[in-house]
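Enquirer:
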Amino acid sequence: MKRQLILGGVLLAAGGLAARDVVQAQAARDEAQAPVVSWAPTTGSLPRFPDFGLLPPPEIFTAERVFKLSQDYPRAEPAMEPAVKQLLAIDYNRDWKPYANGALAYVLAGNIENRAMQNSFYAEDNKIRHWYHVPWMHWADNGREGLHGLTPEGPIRAKSLSPTQTNWWQTYALAIYNAPGGSAIGRVWADAQNPDLTTLKARGFPVGTVVAKLMFTTTPVSDAPFLSNPIEWQAYIKKTFSFTPTGFPIAPREVNTVRLLQVDIMVRDSRADATGGWVFATYVYNGLQSPKRSPGQAFDNRWRNLMPVGLMWGQDPTVTSHLAGNAEPLKTMINPDLQETRINTDPALPPQHLGFGLRLNGPADNSLSSCKSCHSVSEYPDISLVLPYIGPGDKRNLICGGPEWMRWFRNLPVGQPFDKASNPLDNSLSLAISITNFLDAKTRRDGGFNSLQYWHGQRQMSKSNQRGAVPDGGDPCANASMVASK
Ligand code: HEC
Numbered sequence: 035m036k037r038q039l040i041l042g043g044v045l046l047a048a049g050g051l052a053a054r055d056v057v058q059a060q061a062a063r064d065e066a067q068a069p070v071v072s073w074a075p076t077t078g079s080l081p082r083f084p085d086f087g088l089l090p091p092p093e094i095f096t097a098e099r100v101f102k103l104s105q106d107y108p109r110a111e112p113a114m115e116p117a118v119k120q121l122l123a124i125d126y127n128r129d130w131k132p133y134a135n136g137a138l139a140y141v142l143a144g145n146i147e148n149r150a151m152q153n154s155f156y157a158e159d160n161k162i163r164h165w166y167h168v169p170w171m172h173w174a175d176n177g178r179e180g181l182h183g184l185t186p187e188g189p190i191r192a193k194s195l196s197p198t199q200t201n202w203w204q205t206y207a208l209a210i211y212n213a214p215g216g217s218a219i220g221r222v223w224a225d226a227q228n229p230d231l232t233t234l235k236a237r238g239f240p241v242g243t244v245v246a247k248l249m250f251t252t253t254p255v256s257d258a259p260f261l262s263n264p265i266e267w268q269a270y271i272k273k274t275f276s277f278t279p280t281g282f283p284i285a286p287r288e289v290n291t292v293r294l295l296q297v298d299i300m301v302r303d304s305r306a307d308a309t310g311g312w313v314f315a316t317y318v319y320n321g322l323q324s325p326k327r328s329p330g331q332a333f334d335n336r337w338r339n340l341m342p343v344g345l346m347w348g349q350d351p352t353v354t355s356h357l358a359g360n361a362e363p364l365k366t367m368i369n370p371d372l373q374e375t376r377i378n379t380d381p382a383l384p385p386q387h388l389g390f391g392l393r394l395n396g397p398a399d400n401s402l403s404s405c406k407s408c409h410s411v412s413e414y415p416d417i418s419l420v421l422p423y424i425g426p427g428d429k430r431n432l433i434c435g436g437p438e439w440m441r442w443f444r445n446l447p448v449g450q451p452f453d454k455a456s457n458p459l460d461n462s463l464s465l466a467i468s469i470t471n472f473l474d475a476k477t478r479r480d481g482g483f484n485s486l487q488y489w490h491g492q493r494q495m496s497k498s499n500q501r502g503a504v505p506d507g508g509d510p511c512a513n514a515s516m517v518a519s520k
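Under this note's numbering, the first residue of the sequence shown is numbered 35, with each subsequent residue one higher.
#1: Taking 7 Å as the cut-off, does the CB of residue 299 come closer than this to any heavy atom belonging to the ligand HEC?
#2: Would you say residue 256 and residue 321 are within 8 Å of each other, going by their C-beta atoms?
#3: Please tell me whether, using a cut-off of 7 Å, the distance from the CB of residue 399 to the nearest non-hydrogen atom of the ligand HEC is below it.
#4: Give every residue of the same chain whose Cβ lies closer than 6 Å to the Cβ of residue 193, excluding the five residues on either side of it in the sequence, and list them in chain order.
#5: Would you kindly check if the distance between the Cβ of residue 105 and the Cβ of residue 86 is under 8 Å?
#6: Measuring CB to CB, does residue 344 end up less than 8 Å from residue 376?
#7: Using the C-alpha atoms, what's the distance from residue 465 back to residue 453?
#8: To which residues of the same chain is residue 184 closer than 6 Å at the C-beta, ignoring the five residues directly before and after it?
#9: Can you list the beta strand (DSSP E) stretches of 3 or more residues lying completely in the region 142 to 206, in chain order?
#10: Enumerated in chain order, which unbroken segments of the alpha helix (DSSP H) with a length of 4 residues or greater are wholly contained in the region 73 to 133?
#11: Any heavy atom of the ligand HEC closer than 7 Å to the beta-carbon of residue 348?
#12: The ligand HEC and residue 421: does any heavy atom of the ligand fall closer than 7 Å to the residue's C-beta?
#13: At a cut-off of 7 Å, would you count residue 272 as near the ligand HEC, judging by its Cβ distance to the nearest heavy atom?
#14: Taking only three categories from DSSP, how would you classify residue 41?
#15: Quick one: grab the DSSP three-state call for residue 423.
#16: Could you tell me which residues DSSP puts in a beta bridge with residue 458?
#17: Across which residues does DSSP place residue 269 in a beta bridge pair?
#18: Mind checking which residues open and close the alpha helix (DSSP H) that includes residue 437?
#19: In whole angstroms, what separates the C-alpha of residue 512 from that of residue 475?
#20: On a Cα-Cα basis, can you pick out the residue from 243, 242, 437, 129 that is closest to residue 351?
#21: Alpha carbon to alpha carbon, what distance is there between residue 228 and residue 59?
#22: Please say whether residue 306 and residue 347 have beta carbons closer to each other than 8 Å?
#23: So what's residue 444 in DSSP terms, helix, strand or just coil?
#24: Give the C-beta separation of residue 309 and residue 445 to the nearest angstrom, bearing in mind that I take them to be a contact with Cβ-Cβ under 8 Å.
#25: What three-state label does DSSP hand residue 345 in the structure shown?
#26: Between which two residues does the beta strand (DSSP E) carrying residue 308 extend?
#27: Would you please state the rounded distance, in angstroms, between the beta carbons of residue 246 and residue 313? I believe it to be under 8 Å.
#28: Evaluate the contact criterion for the region 160 to 178 versus the region 137 to 149: three or more CB pairs, one atom per stretch, below 8 Å.
#29: Considering only the beta carbon of each residue, do residue 423 and residue 457 sit closer than 8 Å?
#30: Does the ligand HEC have a heavy atom nearer than 7 Å to the CB of residue 365?
#31: Do three or more CB pairs link the region 105 to 114 to the region 208 to 217 at distances below 8 Å?
#32: With a threshold of 7 Å, establish whether the CB of residue 141 neighbours any heavy atom of the ligand HEC.
#33: How many angstroms separate the CA atom of residue 138 from the CA atom of residue 127?
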């Protein structure tokens with residue numbers, strides 16, 4: 035505990051630039067103290083990474099507990115757990131809801147029971163299975179905060195959650211990988227000074243990898259009534275949302291309340307190999323259901339308020355109907371042409387805007403994208419942005435649904451990068467951010483700007499900030515039904 039506090043403090047004071055030195059010093063200390071664990075390497079030491087980057091100073095806030103990066107990545111690929119085998123035995127095409135509910139139960143198990151809400155999802159408390167975090171998300175303005183390990187994501191623009199939403203609000207995320215996923219993170223980061231860009235090319239993450247992300251928001255219940263009876267955490271967040279192109283300066287932060295809005299899950303499932311290898315599922319918090327706690331139940335029933343929004347395993351690359359979407363939803367609209375997306379038709383589901391052409395997307399996501407369109411741009415170097423369109427700064431004269439646009443809606447096979455000249459990171463955007471952060475920190479002192487030259491020489495926003503529910507500065511798809519019918 036003490037080590038992390040000091041480490042977080044050092045990084046904050048040094049603005050992250052001394053991170054490598056700190057890691058090296060820490061690695062030497064850890065090597066001397068490392069406990070013997072069954073999957074420890076037989077030679078050499080595992081690299082150590084900082085737990086987080088930003089923690090409030092003690093005179094402002096005394097943390098009862100700080101975030102610990104789960105980084106003892108398995109050195110060998112673990113055997114598939116029975117619980118994952120059961121999940122992979124469900125036919126997601128026919129039984130999408132049991133698959134989605136099964137994946138959620140797997141993610142919640144051991145992370146929520148018998149504890150205060152504030153202590154949920156500390157990986158080290160899970161007695162059922164190990165979960166792992168991606169390193170190098172601690173760096174700079176979008177760095178991990180030290181209370182829960184949350185990282186900032188894009189804004190949620192007004193009216194995208196509900197008609198009563200008057201303001202833009204912030205979002206913060208925590209992603210966890212199960213043991214097969216952890217082994218792949220460990221392969222990429224086996225040498226802390228040289229992330230391996232080739233290891234995910236051959237076959238991506240192991241089949242049976244499950245990744246989950248909890249997405250919290252500053253949105254008050256009055257702006258989104260379905261957040262009633264919320265799951266809340268205290269976190270060290272930005273006072274106001276800031277777009278920081280490449281990391282500095284660090285915007286002022288405060289300890290404030292965030293509430294759970296969305297859970298995202300990705301499952302590496304070989305049955306989806308033809309469309310990219312992953313099944314994506316998303317869930318929205320709906321506290322209007324407000325279930326009562328059952329006697330003897332080990333967890334707070336509020337976790338039951340998570341409702342599946344849908345599932346997608348492919349992009350339906352040729353479907354260009356419903357281009358205008360439903361960015362400010364009054365009810366959820368379904369596009370019957372989509373064969374590789376399933377959307378929940380339960381009337382209790384809070385109205386969803388969904389994504390491009392009504393493909394699957396979550397309530398906090400950009401309505402011009404989809405789970406898979408953003409994640410397919412997981413690559414290094416960062417040649418393409420995660421969104422097909424980013425706003426008026428974009429000089430490509432894009433046509434909504436045109437060939438350049440539809441590059442984001444391809445079904446790329448496992449191991450194929452979005453851009454030919456890049457290296458695929460198999461849909462992991464945390465890993466893309468992690469590698470970009472590391473190389474950015476490494477080259478910054480020499481005046482390097484890593485991937486920037488690829489994007490028309492403009493300074494590029496961090497991948498996490500590109501997220502958000504509606505595009506900035508106009509929506510080229512708003513009248514797109516006309517364009518498409520030409
Ligand atoms: C607008 C782009 C965008 C869209 C749309 C999007 N994501 Fe992500 N996602 C990200 C970024 C950026 C990260 C990494 C940053 C972080 O975790 O804070 C991420 C992280 C994740 C993670 C953690 C693993 C990883 O890749 O690092 C999961 C799981 C995930 N998303 C699932 C989903 C699902 C399911 C959907 C659809 C409902 C979705 N995402 C839609 C951008 C997007």
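No residue lacks a Cβ here, since even glycine has one placed at the ideal position from N, Cα and C.
Expert: With the structure as the only source:
#1: Here the question's residue 299 lines up with position 265 in the sequence shown. It does: the Cβ of residue 299 is within 7 Å (strictly closer) of some heavy atom of the ligand HEC.
#2: Taking the first residue of the sequence shown as position 1, residue 256 is located at position 222. Taking the first residue of the sequence shown as position 1, residue 321 is located at position 287. Going by C-beta atoms, residue 256 is not nearer than 8 Å to residue 321.
#3: By one-based count along the sequence shown, residue 399 stands at place 365. True, at least one ligand heavy atom lies under 7 Å from that Cβ.
#4: Residue mapping note: residue 193 aligns to position 159 of the sequence shown, counting from 1. Once the five neighbours on either side are set aside, the close Cβ partners of residue 193 are 199, 362.
#5: Numbered from 1 along the sequence shown, position 52 holds the residue referred to as residue 86. Numbered from 1 along the sequence shown, position 71 holds the residue referred to as residue 105. No, Cβ-Cβ distance for residue 86 and residue 105 is not below 8 Å.
#6: Here residue 344 refers to the residue found at position 310 when the sequence shown is read from its first residue. Here residue 376 refers to the residue found at position 342 when the sequence shown is read from its first residue. Closer than 8 Å, so yes.
#7: Position 419 of the sequence shown holds residue 453. Position 431 of the sequence shown holds residue 465. Cα to Cα, the separation comes out at about 17 Å.
#8: Reading the sequence shown from its first residue, position 150 is the one you call residue 184. For residue 184, where only same-chain residues beyond five positions count, the Cβ hits under 6 Å are 206, 208, 269.
#9: 185 to 190
#10: 116 to 122
#11: Sequence index remark: in the sequence shown, residue 348 carries index 314 (1-based). No, the beta carbon of residue 348 sits no closer than 7 Å to any heavy atom of the ligand HEC.
#12: Reading the sequence shown from its first residue, position 387 is the one you call residue 421. It does: the Cβ of residue 421 is within 7 Å (strictly closer) of some heavy atom of the ligand HEC.
#13: Taking the sequence shown and counting its residues from 1, one reaches residue 272 at position 238. Every heavy atom of the ligand HEC is 7 Å or more from the Cβ of residue 272, so no.
#14: The residue given as residue 41 occupies position 7 in the sequence shown. The pLDDT assigned to residue 41 is 27, lower than 50, so where the model puts this residue is not dependable, and the model offers no usable value.
#15: Within the sequence shown, the letter at position 389 stands for residue 423. Reduced to three states, the DSSP call for residue 423 is coil.
#16: On the sequence shown, position 424 is the one that residue 458 refers to. In DSSP, residue 458 forms a bridge with 413.
#17: Position 235 of the sequence shown, counted from the start, is the residue given in the question as residue 269. According to DSSP, which records beta bridges pairwise, residue 269 is partnered with 290.
#18: Working through the sequence shown from its first residue, we reach residue 437 at position 403. Taken as a continuous stretch (DSSP letters only), the alpha helix (DSSP H) holding residue 437 covers 437 to 440.
#19: Counted from its first residue, the sequence shown places residue 512 at position 478. Counted from its first residue, the sequence shown places residue 475 at position 441. Roughly 39 Å separates the two Cα atoms.
#20: Sequence index remark: in the sequence shown, residue 351 carries index 317 (1-based). Checked all of 243, 242, 437, 129; the closest Cα to residue 351 is 437.
#21: Here residue 59 is taken as the residue at index 25 of the sequence shown, counted from 1. Here residue 228 is taken as the residue at index 194 of the sequence shown, counted from 1. For residue 59, the pLDDT reaches just 42, beneath the cut-off of 50, and the residue's location in the model is therefore unreliable, although a value from the coordinates is still provided. Roughly 17 Å separates the two Cα atoms.
#22: Position 313 of the sequence shown, counted from the first residue, corresponds to residue 347. Position 272 of the sequence shown, counted from the first residue, corresponds to residue 306. Yes, these two residues count as a Cβ contact at 8 Å.
#23: Here the question's residue 444 lines up with position 410 in the sequence shown. Residue state, collapsed to three classes: coil.
#24: Position 275 of the sequence shown, counted from the start, is the residue given in the question as residue 309. Position 411 of the sequence shown, counted from the start, is the residue given in the question as residue 445. Contact flag correct, Cβ pair sits at about 4 Å.
#25: Position 311 of the sequence shown, counting from 1, holds the residue named residue 345. The answer is strand: DSSP assigns residue 345 an E or B state.
#26: Numbered from its first residue, the sequence shown carries residue 308 at position 274. Element bounds for residue 308: n/a, residue is neither H nor E.
#27: Taking the first residue of the sequence shown as position 1, residue 246 is located at position 212. Taking the first residue of the sequence shown as position 1, residue 313 is located at position 279. Incorrect: roughly 13 Å between the Cβ atoms, too far for contact.
#28: yes
#29: In the sequence shown, counting from the first residue as 1, residue 423 sits at position 389. In the sequence shown, counting from the first residue as 1, residue 457 sits at position 423. No, Cβ-Cβ distance for residue 423 and residue 457 is not below 8 Å.
#30: As a position in the sequence shown, residue 365 is number 331, starting the count at 1. Incorrect: residue 365 has no Cβ contact closer than 7 Å to the ligand HEC.
#31: yes
#32: Taking the sequence shown and counting its residues from 1, the one referred to as residue 141 is at position 107. Residue 141: no, Cβ never under 7 Å from the ligand HEC.
#33: Numbered from 1 along the sequence shown, position 104 holds the residue referred to as residue 138. Numbered from 1 along the sequence shown, position 93 holds the residue referred to as residue 127. Straight-line Cα distance between these residues: approximately 17 Å.
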